[in-house]
Amino acid sequence: MAANRKILLNSGTEIPIIGTGAYAPADAEAQSKVKDWLLTALKNDYRHIDTAVLYLTEAAVGQAIRESGIPREEIFVTTKLPWNHHHRVRQSFEESLHRLGLDYIDLYLIHWPGAVFYDPDNFKPLNPDGTFKTTDSVTFNDSWAELEQLLPTGKVKAIGVSNFSIKTLEQLFKTAKITPAVNQVELHPYLLQKDLRDYCKKKGIVLVAYTPSGYSTVRSDPLILELAAKYKATPNQVILAWHMALGTVIVPKSENNERQKENITLPTLGAEDVERITALDRGERLCNKADKHGQVYGWTYEQLGW
Ligand SMILES: NC(=O)c1ccc[n+]([C@@H]2O[C@H](COP(=O)([O-])OP(=O)(O)OC[C@H]3O[C@@H](n4cnc5c(N)ncnc54)[C@H](OP(=O)(O)O)[C@@H]3O)[C@@H](O)[C@H]2O)c1
Numbered sequence: 001m002a003a004n005r006k007i008l009l010n011s012g013t014e015i016p017i018i019g020t021g022a023y024a025p026a027d028a029e030a031q032s033k034v035k036d037w038l039l040t041a042l043k044n045d046y047r048h049i050d051t052a053v054l055y056l057t058e059a060a061v062g063q064a065i066r067e068s069g070i071p072r073e074e075i076f077v078t079t080k081l082p083w084n085h086h087h088r089v090r091q092s093f094e095e096s097l098h099r100l101g102l103d104y105i106d107l108y109l110i111h112w113p114g115a116v117f118y119d120p121d122n123f124k125p126l127n128p129d130g131t132f133k134t135t136d137s138v139t140f141n142d143s144w145a146e147l148e149q150l151l152p153t154g155k156v157k158a159i160g161v162s163n164f165s166i167k168t169l170e171q172l173f174k175t176a177k178i179t180p181a182v183n184q185v186e187l188h189p190y191l192l193q194k195d196l197r198d199y200c201k202k203k204g205i206v207l208v209a210y211t212p213s214g215y216s217t218v219r220s221d222p223l224i225l226e227l228a229a230k231y232k233a234t235p236n237q238v239i240l241a242w243h244m245a246l247g248t249v250i251v252p253k254s255e256n257n258e259r260q261k262e263n264i265t266l267p268t269l270g271a272e273d274v275e276r277i278t279a280l281d282r283g284e285r286l287c288n289k290a291d292k293h294g295q296v297y298g299w300t301y302e303q304l305g306w
């Protein structure tokens with residue numbers, strides 16, 4: 001099955017090509033369900049879980065892993081340094097380990113290149129004009145140097161970044177001693193990111209696709225519907241199968257038993273159909289896009305290099 005495929009990272013460790021996302025809204029009801037649907041995902045053969053401090057789901061990930069009875073070393077766990085912890089990498093990392101209840105993390109990412117002002121009680125501090133309160137007292141070059149220091153502890157197997165562009169990666173390489181193993185970014189048929197793909201390939205950085213489905217926007221594209229009928233599959237399966245054809249690691253999220261099974265049993269698309277889906281690209285972001293201030297969590301597209 002496709003889910004058992006693994007991709008070798010430049011750290012020497014392997015990442016399963018399909019993982020489950022572990023994002024959940026912050027409200028108590030949504031959070032209370034997370035452990036159960038992650039446990040279902042593990043029963044459905046997912047062996048890679050993508051969480052983050054900002055999702056508030058690290059504790060549920062740890063609980064699901066323990067309750068599953070699956071040996072820890074068979075499950076690949078990713079978590080991320082939040083935007084307001086760039087100045088406190090070591091503490092934040094230890095807090096994540098503690099919440100997960102794990103001895104080590106497989107992959108630790110800088111979630112966003114921009115540093116947000118630190119308020120321990122508020123992940124989303126705002127300026128009076130409603131923009132995100134950012135800080136330039138610390139840069140991602142500083143926090144990357146701290147991530148590099150985590151590797152020799154053995155408590156993390158690979159380090160990487162998320163939401164980085166060619167521009168911010170070039171800036172990172174000015175000081176980095178270690179090349180990121182992974183760059184996790186939004187990728188789907190409407191957002192191919194061809195230049196970033198080529199750049200990361202050249203540098204030996206594995207791309208992980210978030211929002212891999214492109215939501216109902218891409219699921220309802222006429223070509224996707226046509227191919228779903230052709231392959232006797234669901235639209236989501238066709239989209240995820242396209243990622244598999246390109247060799248992209250994906251972290252689709254579903255709370256639903258049947259949809260979890262769907263997302264991990266994918267058809268193999270013919271080369272011509274893969275090309276037709278690739279041609280749907282229109283550079284459209286569907287998950288993280290500029291707010292009314294023209295910013296994404298305090299940074300403009302120009303700063304992000306998007
Ligand atoms: N690094 C970052 O900044 C970043 C940003 C966004 C997301 N992520 C990660 O990526 C993961 C996935 O991203 P995402 O949730 O934005 O996108 P996604 O996985 O492409 O889409 C999830 C949505 O699709 C639905 N869905 C799942 N399988 C389906 C199927 N087979 N048929 C129809 N609908 C289906 C889900 O509903 P149900 O749950 O009801 O099935 C949910 O509403 C997140 O959980 C998170 O781990 C990272």
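So the sequence shown is numbered by full-length UniProt numbering: it starts at 1 and just counts up by one.
Where a beta carbon is used, it is the ideal one built from N, C-alpha and C, also for glycine.
Range of the contiguous beta strand (DSSP E) that encloses residue i
i	result
H48	48–50
G62	G62 -> not in any beta strand (DSSP E); alpha helix (DSSP H) instead, spanning 58–68.
N122	Note, N122: premise wrong, no beta strand (DSSP E); not H, not E.
L207	206–210
Q193	Segment: none, Q193 is in no beta strand (DSSP E) and carries neither H nor E.
L6	Per the sequence shown, the amino acid found at residue 6 is Lys instead of Leu. First-last of the beta strand (DSSP E) with K6: 6–8.
E186	182–186
L169	Not the beta strand (DSSP E): L169 falls in the alpha helix (DSSP H), residues 166–173.
Exposure label - residue i; buried when at least 16 CB within 10 Å
i	result
T57	buried
G247	exposed
F173	exposed
E282	Contrary to the premise, residue 282 reads as Arg rather than Glu in this sequence. Exposed, since its Cβ has fewer than 16 Cβ neighbours within 10 Å.
N163	buried
residue 336	The shown model of the chain, from 1 to 306, leaves out residue 336, and the question about it has no answer.
E29	exposed
D119	exposed
D50	buried
S254	buried
L280	buried
P252	buried
G114	buried
K230	exposed
K289	exposed
G62	buried
E275	exposed
Proximity test, residue i beta-carbon vs ligand 3 heavy atom, cut-off 8 Å
i	result
P252	As for ligand 3, it is missing from this structure, which binds only ligand 1.
Three-state class that DSSP yields for residue i in the structure shown
i	result
P222	helix
F132	strand
P152	helix
I110	strand
A24	coil
L81	strand
A115	coil
K232	coil
V161	strand
T300	strand
V249	strand
I105	strand
First through last residue of the alpha helix (DSSP H) which encompasses residue i
i	result
N288	Run containing N288: none; DSSP gives neither H nor E here.
E14	Not the alpha helix (DSSP H): E14 falls in the beta strand (DSSP E), residues 14–16.
K261	257–264
E272	271–278
V138	It is not in any alpha helix (DSSP H) - V138 carries neither H nor E in the DSSP assignment.
E95	89–100
When the options are compared against residue i, the one with the closest alpha-carbon
i	options	result
G160	C200, K133, N122	C200
I17	N256, R259, C287, M244	M244
H48	L54, Y55, Y190, A64	A64
I7	L280, W299, I250	I250
A209	K203, L225, Y190	Y190
Q237	D221, S213, A41	S213
E170	K35, E262, L196	L196
T217	Q149, L286, N183, A233	L286
T234	G204, D121, T268	T268
E302	D198, K177, K167	K167
G101	D36, F140, T79	T79
G298	P125, G270, L240, I277	P125
A271	K292, W242, V89, V77	W242
N10	K157, P152, N4	K157
N122	R5, K155, N84, D45	N84
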